[in-house]
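Down below is the structure, laid out as structure tokens.
Chains as they are written, first to last, in the numbering used here: chain A, 34 to 281; chain B, 74 to 392.
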């Protein structure tokens with residue numbers, strides 16, 4: 034089985050979010066970048082397929098050279114090879130289009146991407162890759178097994194979960210549950226050394242027209258101070274929630 | 074040229090988010106000077122849509138669509154869009170809508186924007202404001218394509234009543250081969266889901282152990298709320314993973330979020346920040362959650378919560 038894991042290079046969850054160029058661009062100054070958490074769960078599940086079922090795992094990112102350390106980290110965790118599509122990502126569609134080219138070129142059976150990235154939160158790339166490559170698609174996947182070409186997946190629905198069956202090729206929109214947090218791997222020294230020798234191929238992007246354009250960003254207005262209510266006066270809390278906030 | 078809206082139902086009645094997306098579609102239709110057409114799947118009584126500005130309803134009934142299927146439902150909405158020559162399609166942020174919409178976007182060569190929180194800032198060019206950076210920023214996005222798909226963040230636009238006809242007509246689109254099959258569904262029918270909840274009551278490690286969750290559930294019960302928990306609580310196995318809210322868990326966009334014994338790590342706050350009103354109950358006055366909350370009680374949850382339950386019961390009895 035050939036697996037492609039899509040890796041988004043995102044600001045670390047604790048990063049301060051700022052914008053530059055008249056609030057039109059994300060300010061990367063001083064920001065630590067990591068593998069998108071939703072992608073990391075998928076990558077770890079892919080490692081299980083590699084170790085238990087002999088799958089071959091490639092990781093891919095659409096981005097500039099600055100994203101290569103993130104791909105190297107994925108290699109250090111255990112992926113066999115990496116591909117970087119050389120393009121500054123603009124919208125979700127353009128990224129999906131480039132990824133679809135990689136999928137078609139490489140003939141991957143299983144494509145795993147995070148259900149959404151924690152920066153732009155578009156939640157569209159996995160579904161669009163499935164649509165563009167005519168593959169089956171399971172979103173918000175929290176459990177995945179593959180036997181031959183049969184796929185069984187558990188997916189989260191609002192208020193519960195459901196089990197679905199389908200066949201390869203399939204695209205998975207992954208998240209926590211594919212593996213647990215405690216299963217995530219920190220690269221060890223041997224992995225880091227080996228990652229240096231693994232292939233990281235740069236391919237040029239094909240021309241695409243963005244379907245959406247980011248115009249500008251704005252940070253939420255500073256919040257007013259919390260109104261503290263004494264634990265001896267909870268009637269006041271109910272009064273505030275009812276008459277002031279109007280939420281109960 | 075109508076604005077098309079996909080209105081979701083469950084067991085034959087519309088979900089609240091269906092009425093919210095209909096309200097939003099009406100606002101867009103007013104901006105464009107056109108009408109609203111809703112498409113519904115396996116929903117017999119569609120009259121409720123008349124209160125939210127829907128002029129026409131395309132009713133689709135099909136056995137093959139009795140379980141949600143992203144490809145099948147996307148095919149239905151695509152054909153409805155073609156029939157109505159719709160240029161703008163509105164969907165919710167439910168798990169199902171976010172599953173089908175990217176497929177629909179590819180099928181229609183449509184630009185697709187998620188997490189939208191307000192009516193379009195302009196319709197030519199078509200620009201919308203959305204949440205980004207996991208609620209740490211807003212982004213103004215322009216959709217460049219002829220056909221546009223907009224997914225609305227839950228509880229962001231609210232319900233807006235507008236009387237209309239909601240004339241129903243049967244619609245029989247063709248259904249493609251469905252290659253993803255639902256084998257079983259595991260869903261609690263007696264509990265409010267976090268996605269649909271207007272109020273969420275959430276517990277953290279401050280509650281000391283799973284045996285203390287009775288009061289969280291009771292408080293949720295009194296308020297008609299969903300229960301949730303912080304990441305450490307789900308990692309410790311005190312509560313099921315499905316209750317974990319935050320950046321890597323479920324997002325919350327409720328009207329009221331009550332955090333009990335949750336310190337307020339940045340990842341937790343990011344995931345719940347779209348909630349309108351936040352209340353924190355914590356015995357540590359320095360907990361970061363107090364900086365993010367609207368109302369706070371510094372006190373022992375084991376004393377405050379039982380009292381709050383009794384007082385809320387009395388309050389509800391008076392209503």
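Just so you know, even glycine gets a beta-carbon here, dropped at the ideal spot from N, CA and C.
Practice problem: Within the segment 134-177 of chain A, note down every full alpha helix (DSSP H) run reaching 4 residues or more, in order along the chain. | Solution: 158-166
Exercise. Per DSSP, which residues does residue 97(B) bridge with? Please list them.
Key: Residue 97(B) pairs with nothing; no bridge assigned.
Quiz prompt | Cβ neighbours of residue 270(B) in the same chain (closer than 7 Å, five flanking residues each side left out) | solution = 298, 299, 327
Self-check item: Where the beta strand (DSSP E) through residue 259(B) begins and ends
Solution: 254-260
Quiz prompt | Positions along the segment 233-264 of chain A whose CB lies within less than 9 Å of some CB in chain B | solution = 242, 243, 244, 245, 246, 247, 248, 249, 250, 251, 252, 253, 256, 257, 258, 259, 260, 261, 262, 263, 264
Quiz prompt | Which of helix, strand or coil DSSP assigns to residue 234(B) | solution = coil
Exercise. Would you mind stating whether residue 275(B) and residue 382(B) have Cβ atoms separated by less than 9 Å?
Key: no
Self-check item: Under 8 Å from the C-beta of residue 200(A): neighbouring residues of chain B
Solution: 252
Quiz item: By Cβ distance below 7 Å, which residues in the same chain neighbour residue 320(B) in space, the five residues on each side in sequence not counted?
Solution: 207, 340, 343, 344
Exercise. Taking residue 155(A) as the query, report the chain B residues whose CB atoms sit under 7 Å from its CB, ordered along the chain.
Key: 187
Self-check item: Validate contact between the segment 74-88 of chain A and the segment 117-130 of chain A using beta carbons, cut 8 Å, 3 pairs
Solution: no
Quiz item: When burial is assigned at 16 or more other CB atoms within 10 Å of the CB, is residue 392(B) buried or exposed?
Solution: exposed
Quiz item: Taking residue 384(B) as the reference, which of 274(A), 278(A), 134(A) has the closest Cα?
Solution: 274(A)
Quiz item: Between which two residues does the beta strand (DSSP E) containing residue 203(B) stretch?
Solution: 199-205
Quiz item: How long is the line joining the alpha carbons of residue 259(B) and residue 140(B), rounded to whole angstroms?
Solution: 13 Å
Quiz prompt | Proximal chain A residues relative to residue 372(B), where beta-carbon distance stays under 7 Å | solution = 264
Practice problem: Consider the Cβ of residue 369(B): report whether some Cβ of chain A lies at a distance smaller than 9 Å. | Solution: yes
Self-check item: Cβ-based contacts, 9 Å cut-off: residues of the segment 257-272 of chain B near chain A
Solution: 257, 258, 259, 260, 261, 262, 264, 265, 266, 267, 268, 269, 271, 272
Exercise. Find the nearest neighbour of residue 131(A) within the set 203(A), 193(A), 159(A), judged by alpha-carbon distance.
Key: 159(A)
Self-check item: Proximity test, Cβ basis, 9 Å: residue 232(B) and chain D
Solution: Absent from the structure is chain D; the protein chains it does hold are A and B.
Quiz prompt | With 16 other Cβ atoms within 10 Å as the buried cut-off, status of residue 336(B) | solution = buried
Quiz item: Using 8 Å as the threshold, is the segment 117-128 of chain B in touch with the segment 224-234 of chain B, meaning 3 or more CB pairs across them?
Solution: yes
Quiz item: Who are the neighbours of residue 328(B) on chain A, taking C-beta pairs under 7 Å?
Solution: 280
Exercise. Would you please state the rounded distance, in angstroms, between the beta carbons of residue 250(A) and residue 56(A)? I believe it to be under 8 Å.
Key: 5 Å
Practice problem: Kindly say whether residue 322(B), judged by its beta-carbon, lies nearer than 9 Å to any beta-carbon of chain A. | Solution: yes
Quiz item: How close, in whole Å, do the beta carbons of residue 75(A) and residue 43(A) come, if the pair is a contact with beta carbons under 8 Å?
Solution: Going by Cβ atoms, the distance from residue 75(A) to residue 43(A) rounds to 14 Å, so no, they are not a contact pair.
Quiz item: Exposed or buried, residue 142(A), counting other C-beta atoms within 10 Å across all chains shown (16 or more means buried)?
Solution: buried
Quiz item: Where do the N-terminal and C-terminal ends of the beta strand (DSSP E) with residue 243(B) fall, by residue?
Solution: 240-243
Exercise. Within the segment 38-74 of chain A, note down every full beta strand (DSSP E) run reaching 3 residues or more, in order along the chain.
Key: 42-44, 66-68
Quiz prompt | Closer than 8 Å at the beta carbon, the chain B residues around residue 47(A) | solution = 339, 340
Quiz item: What residue from 376(B), 90(B), 378(B) has the CA that sits closest to residue 226(B)'s CA?
Solution: 90(B)
Quiz prompt | 9 Å Cβ cutoff met for residue 223(B) and residue 101(B) | solution = yes
Quiz item: At what residues does the alpha helix (DSSP H) containing residue 230(A) begin and finish?
Solution: 222-230
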